[in-house]
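Trainee:
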Amino acid sequence: MKIAGAPISWGVCEVPGWGHQMAPERVLSEMAEIGLTATEFGPQGWLPIDPQERAAMVAKFGLQPVGAFFLAVMHDPDVDPLPQVEAELRAFEAAGGEFLVLAADSGRDGYDDRPVLDETGWRTLFTNMSRIREVCAAKGVTACLHPHWGTMVQNVDEVTRVLDNSTVGLCLDTGHLACGGADVVELVSSYADRVDIVHAKDIRRSITEKLLPGELTWSQGIKAGMFTPIGRGDIDFAAIVALLDDAGFNGYWVLEQDVMLDVEPPAGGGPINNARASLEALTALA
């Protein structure tokens with residue numbers, strides 16, 4: 352089992368005003384400290400923009416680059432996402448990385464609301480997704496779709512529409528899928544062969560079930576402790592691991608526990624403890 356870290360588990364996020372952003376040196380050093388050997392790059396600009404500097408930063412801590420979570424507006428006919436994708440791929444060439452983990456950006460700040468996607472928007476999204484996958488494949492990078500709360504592919508019916516009408520691979524984000532109304536085990540049993548990479552999140556269902564009815568916004572859910580270390584929530588990771596093993600999955604499991612920080616945690620405290628707990632729980636299922 353290949354297990355990687357994600358900066359969001361340390362509160363590092365692309366959303367304006369999300370909270371205190373920890374420095375790359377501390378986050379990457381803590382990943383290495385608990386035994387992780389790989390990492391995603393985090394939001395654009397958190398690591399150095401220059402590809403060579405980005406590569407050096409990750410290598411300094413002995414971590415293997417997995418790739419990047421990447422927001423792209425793919426549903427708007429007036430927006431061409433390829434220039435930004437191509438710029439990121441140039442960074443991949445120097446810094447490494449196998450996966451461009453695509454989320455269908457709504458075009459709005461944050462994840463608390465989104466526009467309604469019409470049929471023109473769907474056609475445009477499918478076209479742009481295919482274009483991005485082809486450009487990435489030519490560079491040896493796998494582009495896969497990340498269903499994500501507050502994006503244009505959020506709810507389970509939207510996820511299955513993409514999977515049933517395209518050949519794009521899936522970033523199996525257990526937490527976001529559950530928030531969007533999916534029975535994650537059932538979805539994996541149907542689409543295990545489409546999974547390119549896993550974002551492993553555990554949830555407190557008593558909180559996530561308030562999202563779809565609009566009783567909580569995404570940011571309110573984060574602040575309420577919606578995500579929890581693996582093994583302490585309601586996702587059946589044992590079943591998911593078994594299903595993906597049976598399907599021959601050998602990709603990365605990326606540890607994610609979305610948090611918001613108010614201040615810099617004390618040395619040896621804060622997110623590192625939750626990440627360590629998740630790593631231990633997931634490793635025990637390998």
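Be aware that the sequence shown starts at 352, since it is given in the numbering used here, and climbs by one per residue. Each residue gets a CB set at the ideal place from its N, CA and C atoms; glycine is no exception.
1) What does W604 pair with, by DSSP beta-bridge criteria?
2) Tell me the residue span of the beta strand (DSSP E) that contains C522.
3) Applying the criterion that 16 or more other CB atoms from any shown protein chain within 10 Å of the CB defines a buried residue, is G396 buried or exposed?
4) Cβ atoms of C530 and H497: under 7 Å apart, would you say?
5) Measuring only the C-alpha atoms, how far is A632 from E470?
6) So the candidates are E439, L528, L538, G532; which of them puts its Cα closest to the Cα of K490?
7) Going by beta carbon distance, what residues of the same chain come within less than 6 Å of V539, once the five residues before and after it are set aside?
8) Around the C-beta of E607, are 16 or more other C-beta atoms found within 10 angstroms, so that it is buried, or is it exposed?
9) Pick from V363, L379, D547: whose alpha carbon is nearest that of P394?
10) Taking G370 as the reference, which of M611, E444, F588, S629 has the closest Cα?
11) Is the beta carbon of G501 closer than 7 Å to that of Y542?
12) Could you have a look at T568 and say whether DSSP puts it in helix, strand or coil?
13) For L636, which residues of its own chain have a beta-carbon under 7 Å away from its beta-carbon, when the five flanking residues on both sides are left out?
14) Where does R405 land, buried or exposed, given buried means 16+ other C-beta within 10 angstroms?
15) I believe M408 touches L398 by the beta-carbon criterion, under 8 Å. Please report the beta-carbon distance rounded to the nearest angstrom.
16) Could you check the C-alpha separation between A455 and R627 for me, to the nearest Å?
17) My guess is that N516 and P580 are in contact by the Cβ rule of under 8 Å, so how many angstroms apart are they, rounded?
18) Where does T634 fall in DSSP's three states?
19) Evaluate the contact criterion for the stretch 559 to 573 versus the stretch 481 to 489: three or more CB pairs, one atom per stretch, below 8 Å.
20) Report the three-state DSSP secondary structure of G472 (helix, strand or coil).
Mentor: In this structure, then:
1) Indexing the sequence shown from 1 puts residue 604 at position 253. Beta-bridge pairing links W604 to I354, V549.
2) Here residue 522 refers to the residue found at position 171 when the sequence shown is read from its first residue. Counting along the chain, the beta strand (DSSP E) containing C522 begins and ends at 520 to 524.
3) On the sequence shown, position 45 is the one that residue 396 refers to. The residue is exposed, with fewer than 16 neighbouring Cβ atoms inside 10 Å.
4) Taking the sequence shown and counting its residues from 1, one reaches residue 497 at position 146. Taking the sequence shown and counting its residues from 1, one reaches residue 530 at position 179. Contact flag unset, no.
5) The sequence position of residue 632 within the sequence shown is 281, counting from 1. The sequence position of residue 470 within the sequence shown is 119, counting from 1. Taking the straight line from one Cα to the other gives about 42 Å.
6) Mapped onto the sequence shown, residue 490 falls at position 139. Nearest option by C-alpha distance: E439.
7) Here residue 539 refers to the residue found at position 188 when the sequence shown is read from its first residue. Excluding sequence neighbours, V539 sits near I591, L594.
8) For the purposes of this step, residue 607 is taken as the residue at position 256 of the sequence shown. Buried, by the Cβ-count rule.
9) Locating residue 394 in the sequence shown gives position 43, where the first residue counts as 1. Measuring from the Cα of P394, the nearest candidate turns out to be V363.
10) Counting from 1 along the sequence shown, the entry for residue 370 is found at position 19. Cα-wise, what sits closest to G370 is M611.
11) Translated into the one-based positions of the sequence shown, residue 542 becomes position 191. Translated into the one-based positions of the sequence shown, residue 501 becomes position 150. Going by C-beta atoms, Y542 is not nearer than 7 Å to G501.
12) By one-based count along the sequence shown, residue 568 stands at place 217. Coil.
13) Residue 636 sits at position 285 when you count from the first residue of the sequence shown. If we look at L636 and ignore the five residues flanking it on each side, its Cβ neighbours are F588, A589, V592.
14) If you number the sequence shown from 1, residue 405 lands on position 54. Per the 10 Å Cβ criterion, buried.
15) Position 57 of the sequence shown, counted from the first residue, corresponds to residue 408. Position 47 of the sequence shown, counted from the first residue, corresponds to residue 398. Right, their Cβ atoms sit about 6 Å apart.
16) Taking the sequence shown and counting its residues from 1, one reaches residue 455 at position 104. Taking the sequence shown and counting its residues from 1, one reaches residue 627 at position 276. Roughly 30 Å between the two C-alpha positions.
17) The count along the sequence shown starts at 1 and reaches residue 516 at position 165. The count along the sequence shown starts at 1 and reaches residue 580 at position 229. Not a contact, Cβ separation roughly 35 Å.
18) Position 283 of the sequence shown holds residue 634. If DSSP states are grouped into helix, strand and coil, T634 belongs with the helices.
19) no
20) Your numbering for residue 472 matches position 121 in the sequence shown. Looking at G472 - three-state DSSP - the assignment turns out to be helix.
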